[in-house]
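These protein sequence lines map, in sequence, to chains A, B, C and D. Taking this note's numbering, the leading residue of the first sequence gets 1, the next gets one more, and so forth. Taking this note's numbering, the leading residue of the second sequence gets 1001, the next gets one more, and so forth. Taking this note's numbering, the leading residue of the third sequence gets 2001, the next gets one more, and so forth. Taking this note's numbering, the leading residue of the fourth sequence gets 3001, the next gets one more, and so forth. Notes for the one structure printed next.
There are 4 protein chains.
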Amino acid sequence: MTTGRASILEQFKAPLVLRNFSVSAEPEPGAVLVRTEMAGICGTDVHLWKGELPITLPVILGHETVGHIEALGEGVDKDWSGNPLKKGDRVTWSPGLTCGTCYYCAEKKIPTRCVNRRAYGISQPCQAAPHFLGGYAELHYLKPHTSIFKLPDDLPTEAVIGAGCALNTALHGVERTGILPGDIVVVQGAGPVGIAALAVAKHAGAGEVIVIGAPKHRLEMARRFGADHIIDIEEVKTSGERIAAVRQLTRGYGADVVLECVGAPPVVVEGMEMCRDGGKYLILGHYCDAGTVAWNPHVVTRKQLQVIGSWSSEPRHMKIALEFLRATQKQFPFAEMVSHRFSLEQANEALAASASGKSTKSAIVPALSRL
Amino acid sequence: MTTGRASILEQFKAPLVLRNFSVSAEPEPGAVLVRTEMAGICGTDVHLWKGELPITLPVILGHETVGHIEALGEGVDKDWSGNPLKKGDRVTWSPGLTCGTCYYCAEKKIPTRCVNRRAYGISQPCQAAPHFLGGYAELHYLKPHTSIFKLPDDLPTEAVIGAGCALNTALHGVERTGILPGDIVVVQGAGPVGIAALAVAKHAGAGEVIVIGAPKHRLEMARRFGADHIIDIEEVKTSGERIAAVRQLTRGYGADVVLECVGAPPVVVEGMEMCRDGGKYLILGHYCDAGTVAWNPHVVTRKQLQVIGSWSSEPRHMKIALEFLRATQKQFPFAEMVSHRFSLEQANEALAASASGKSTKSAIVPALSRL
Amino acid sequence: MTTGRASILEQFKAPLVLRNFSVSAEPEPGAVLVRTEMAGICGTDVHLWKGELPITLPVILGHETVGHIEALGEGVDKDWSGNPLKKGDRVTWSPGLTCGTCYYCAEKKIPTRCVNRRAYGISQPCQAAPHFLGGYAELHYLKPHTSIFKLPDDLPTEAVIGAGCALNTALHGVERTGILPGDIVVVQGAGPVGIAALAVAKHAGAGEVIVIGAPKHRLEMARRFGADHIIDIEEVKTSGERIAAVRQLTRGYGADVVLECVGAPPVVVEGMEMCRDGGKYLILGHYCDAGTVAWNPHVVTRKQLQVIGSWSSEPRHMKIALEFLRATQKQFPFAEMVSHRFSLEQANEALAASASGKSTKSAIVPALSRL
Amino acid sequence: MTTGRASILEQFKAPLVLRNFSVSAEPEPGAVLVRTEMAGICGTDVHLWKGELPITLPVILGHETVGHIEALGEGVDKDWSGNPLKKGDRVTWSPGLTCGTCYYCAEKKIPTRCVNRRAYGISQPCQAAPHFLGGYAELHYLKPHTSIFKLPDDLPTEAVIGAGCALNTALHGVERTGILPGDIVVVQGAGPVGIAALAVAKHAGAGEVIVIGAPKHRLEMARRFGADHIIDIEEVKTSGERIAAVRQLTRGYGADVVLECVGAPPVVVEGMEMCRDGGKYLILGHYCDAGTVAWNPHVVTRKQLQVIGSWSSEPRHMKIALEFLRATQKQFPFAEMVSHRFSLEQANEALAASASGKSTKSAIVPALSRL
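Put into structure tokens, the structure is as follows:
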């Protein structure tokens, strides 16, 4: 048996609790045991902590994780992409486990909506063995059929954590919009998802990208990621002014594609007016239920829009994300987004830093806790 | 000069006024003069009469019209599909005239949103020559570049008017959803657009089609057009019950495609819940602005939906519509939808019959007024 | 143990041999034992018999099969669509078993090209238990993860066998072409795949369908399935004449979509010339390698074509096929295609009848052999 | 009247002849007179000179041209994108003029196949006024409805000519393939179209791009444009070796998308084998008819390919191209492709330099001839 510490969400809105768990040092066939190097704090973790999503407790939060292989179960010798795996390899993985055989997996081919989907750090409770099913811990157990990815040597762990699940989410969402080279794109929001959407849109050949958001340090980051125009919502304060600003940047027509990366319902109403007629509007930021807004469906008919939703991501997006991160490190400095590091004991502070928006991206580094 | 009568909308919400106009018996090059045989009353005409759309008065209403060619301007010898045209031919035409060169026509290829679009019976005022620019009149002037279609002999005028612009609208909208053979489809609404959407969905290979609407005579018509299941909103009265009914008919998942053909905002909120995850939702009934509704954008993300708008139609849809009507007359009895005929003097009664929903479809037959 | 007879391909081009096999009466968990009611002879079986595809012998041919459940392994209580399964139920199944985890299954989502794909009646040798892995036998063993479909009571076995794998193949192929309502379609070939493609194209809303083929009895069948125009290759003998005939039926432009269902390379060259510019050409009949043809790639550029291949089908196509067959029995008389029935002892005659093209569709009915 | 010199193709395979023409200094309404700054020599010009495409003589070659506005006809005050136009502005234009109303323009929306299409420098004979209808001349007359584009100040003329029509062609073709971020792409050919296709693929988010071609100086250029892998056909000499090399770079599967930019039929046969199953193959290099090749259509079925043709480009591609050139000058040095400059008197030498492949790109600079 191997023993390690984990920071556990036992009660919503209450501090995470640090506990010890043990796990077999020899994983079952198909499984892998990993020693956590770094775990990202995702905005969703804050929502989970508040009880805003229907999950079962106790749970170890953390679905953006990099670690080193401690032990391989029988039959695991390759990662998802076919690369050989061995003890010591630095890896990450898709948090979601899907069944492959349900209506959504087999018939409709949208595994993100698999009826049996379970995600590490979210919907994998930790009270029973193998316990280590989330990132805020010294160890992580990867069940059979987990989509594991060996990290290339020239891709720093910080880049993977800095991008986090936001990049996979953005790749999935932008893929569904079918951005064409030369398209004018608006990104609503400059948080992790917004920055990732900006990078993906640029990478997909967008002609000009307009980023709308705040505060200043995030807009700075957007500029470093190549935003062609910035609209600071602390300066351009009304919805009408922002719509007018986008129209002015687009010869009066609006953008070809607008990517919503905020999660506030009024932003959706505003964003649809920023689309040109025949344009596309991606609702990407509404992973959580943030309630209703007064909305006029006539706008969708009149402007002949396509409004597109995208939920989470598939393993193939993780594969694309890692290769993208590796190849574009100079253009898109995701590694620099990791602005704050915390030990495992500081997990509550890490969550608070993310909740406040002070950090661009917080991460837990379990090794720090031994210092 | 040729003289004829026209029923004119001079003031919103006031009775249409019958007046005489004259027009040159020799149309300019590229133009055509038509003697109206039958003009359909579209639901939009009622909205126009009420002043709910921003148009300039006075106008002769009527954008669904069949007539016989009275005179051909120089250079017009073929219809839009390449068929020869001559005096006496029975024809219909696309109401919309587009420029072919604007941003939407040339660059984005969505002529329905042409910035210079003008539609007979809607946005072509009648005070100046050639006056006859709407269907509620004895004559109709077709300007150069109008998309004219010669009607095949085995296609009755009633079928063209019974289908009306609703069929073109439905063809355009359903085309944008990309219905696949076997898809389960819900049609919200059993008015002219709903019936047309039902027919188009069946024709496109939909596996089962569920129609939701009222009153009884419309649901009867839906059944005749091949609806596999009917949900009568006078019996299944709450939104929750209707959503549950659709779920029950779809093994709990919801429909692949839901087609909104009502025009009431709450119907949109209800309809999105009727989609399966990864499904498509077409907002087709909101040609007019019917105000806002409390709506939760989270549903689009969580269910990974595509929400699609579609505005009006292109000439190519008229071509498809006419061939469709001709080939499927037995399966889809559009001709029988023309339930009430009126003379030109009775134009106000015709509008009232449409407004009340008593008629399935009303039509003006100018020749009746001579009796 | 249960014992049954099977007709076995032990040597290419040699007569099939009738042998007895035994199988456990209690299938392993996840598996099902079926008593064969009817097995279709597919054109591919003739190619397999000739050794034209790379398979391992011995094998029991037959990948189009209907039977009744004899015994259910533990854990099998529903079919692929979620319908309950019990002993005695009449079922069919997808012949292909795929892995769900390889590059093609998981990353590219084209399970038809699964690197671990094995098909009953083709690539499942029969020398080892459970032996019964093809249709030409009294029993059929369905391994765990087989996609099984319970047949609705109002769908005759003959319709399923008459349609055969040709219908699934056609559904997959035509889906890839994205036929739009009103499209003019040419079907090259009037064999089982051609007839199925005709039915699917009509069902998908094709405006007019032109079928090109021979002999007379097949063209008769095409007419019964709704072909709008027939080109008899025994009368219109040259490629140039046939291209001209299609052009004449399409105002000189060619068809929107051409579906190749023959399997002879020169037909592909001819068919591309039958497409309008910007049209689509589906190569569906070339499941086997029939060699090369002199072809000019300039035609694809100049005509701006899309040329599309489609291999086999997925389980979801079987689901769609069965519902399609049930709902359209009157329009598309697939059941009548089963023109010849043979006992298991007559399996060689059944193959010969298919090879000669005398039969529209041959079937083996094991119960006949007991008479 | 204004007078200028033009280099004229009067007889196939014979030297171009220099003649003087006059044109009204006041263009008709809608037209524009331009003084040529630079005209690119396209590979197609060589084919035209040899008589390999069906054109009417005499013609002034040159369909890639930049010039300065000398005079504007009445009503021309904006370029295609809506930017204001005035005398002296530096402009380029789409060579093709389309009708906007034919079957291909209006119904099928593929203006590249407009039945009335006429292209400057190709299908616009010069014997009648206004004569100046090709690039190899001091003046160029732009008829009404020409799609004119004002060049931004920060975009050098050399970049526009260096990219030439190859870039528009590549944008159109690659758009039709729908490259997704992360896709592995093979470019067959390293001439102007191949280099442009490489740039467009990288810009569209391709993961890795493999370029196959020769000679060395072109492969050098490919590397400068960002090719991730190079296969030199002078070193890897057989088709089988090149296919194996691509397989090795793609984990054995082949590329997601292969772009043919050579124009030699055997290259197409080779390229299809370089696609992964389910991949896409673009035939872009076959603008001219280069004859047939022995090809096996089975490969399209078995590999479930999409083979896509693309003819020329639309004005919207020119718009995208210019913005792309402006924004990516540092990444893609198109301006450096203009390796050889010639005076108008040297037009025959310019053609010869292009024909021999010695120049990366040749250009005629009429002003040089005055020196």
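Every residue, glycine too, gets a C-beta built ideally from N, C-alpha and C. Predicted model, so just to flag it, every value in this text is computed and none were measured.
C-beta atoms of residue i and residue j nearer than 9 Å
i, j, result
"V185 of chain A", "I179 of chain A", "yes"
"V1211 of chain B", "A1222 of chain B", "yes"
"A1255 of chain B", "D1153 of chain B", "no"
"R2176 of chain C", "L2282 of chain C", "yes"
"A3199 of chain D", "A3159 of chain D", "no"
"G2191 of chain C", "V2268 of chain C", "no"
"W80 of chain A", "P333 of chain A", "no"
"V2059 of chain C", "I2122 of chain C", "yes"
"I2195 of chain C", "M2337 of chain C", "yes"
"L1351 of chain B", "W1049 of chain B", "yes"
Between the CA atoms of residue j and residue i - distance to the nearest angstrom
i, j, result
"H3047 of chain D", "P1029 of chain B", "42 Å"
"A129 of chain A", "V91 of chain A", "22 Å"
"M3318 of chain D", "V2193 of chain C", "43 Å"
"V3300 of chain D", "M1272 of chain B", "39 Å"
"A2227 of chain C", "G189 of chain A", "55 Å"
"C975 of chain B", "T3101 of chain D", "With chain B covering only 1001 through 1371, there is no way to say anything about residue 975 of chain B."
"G207 of chain A", "G252 of chain A", "16 Å"
"G2043 of chain C", "K2361 of chain C", "9 Å"
"S3354 of chain D", "P3297 of chain D", "35 Å"
"K2202 of chain C", "S3310 of chain D", "29 Å"
"I1069 of chain B", "K1086 of chain B", "7 Å"
"G2134 of chain C", "E2026 of chain C", "19 Å"
Own chain, CB closer than 8 Å to residue i, minus 5 neighbours either side, in chain order
i, result
"G1278 of chain B", "K1303, Q1304, L1305"
"V322 of chain A", "Per the sequence shown, residue 322 of chain A should be read as Leu rather than Val. Excluding sequence neighbours, L322 of chain A sits near T92, F149, L151, P152, L155, V160."
"I1308 of chain B", "G1173, R1176, T1177, K1280, Y1281, L1282, I1283"
Residue i: contacting residues in chain C (beta-carbon distance under 9 Å)
i, result
"L1171 of chain B", "P2181, G2182"
"G100 of chain A", "G2100, T2101, C2105, A2106"
Interface residues of chain D facing residue i [CB-CB closer than 9 Å]
i, result
"T2112 of chain C", "D3277, G3278, Q3304"
"V2268 of chain C", "W3295, P3297, V3300"
Neighbour list for residue i in chain A, Cβ cutoff strictly below 7 Å
i, result
"R3251 of chain D", "G82"
"C1126 of chain B", "Near C1126 of chain B there are no residues of chain A at all, since even the closest Cβ is about 25 Å away, more than 7 Å."
Proximal residues of chain D, C-beta to C-beta of residue i below 7 Å
i, result
"K2108 of chain C", "G3278"
"I2283 of chain C", "P3297, V3300, T3301"
Proximal residues to residue i (C-beta, below 6 Å), its chain only, five neighbours per side dropped
i, result
"R2118 of chain C", "L2097, Q2124"
"S2007 of chain C", "L2016, L2018, Y2136, L2344, A2347"
"S2312 of chain C", "T2112"
"T2056 of chain C", "P2125"
Cβ-based neighbour list, residue i, same chain, cut-off 7 Å, excluding 5 preceding and 5 following
i, result
"L2142 of chain C", "A2031, V2032, V2034, W2093, I2148"
"H2286 of chain C", "G2263"
"I3320 of chain D", "L3171"
Interface partners of residue i on chain D, CB under 8 Å
i, result
"E158 of chain A", "Neighbours of E158 of chain A on chain D: none; closest Cβ ~21 Å, over 8 Å."
7 Å Cβ cut-off: residues of chain B touching residue i
i, result
"A290 of chain A", "H1298"
Amino acids of chain B, ordered along the chain, whose beta-carbon sits closer than 8 Å to that of residue i
i, result
"H2203 of chain C", "P1181, G1205"
Against chain A: residues of the segment 2298 to 2325 of chain C by CB proximity under 8 Å: In summary, the residues of the segment 2298 to 2325 of chain C whose CB is separated from some CB of chain A by less than 8 Å are P2315, R2316, K2319, in the order they occur in the chain.
Residues of the segment 1185 to 1200 of chain B with Cβ closer than 9 Å to any Cβ of chain C, in chain order: Residues V1200.
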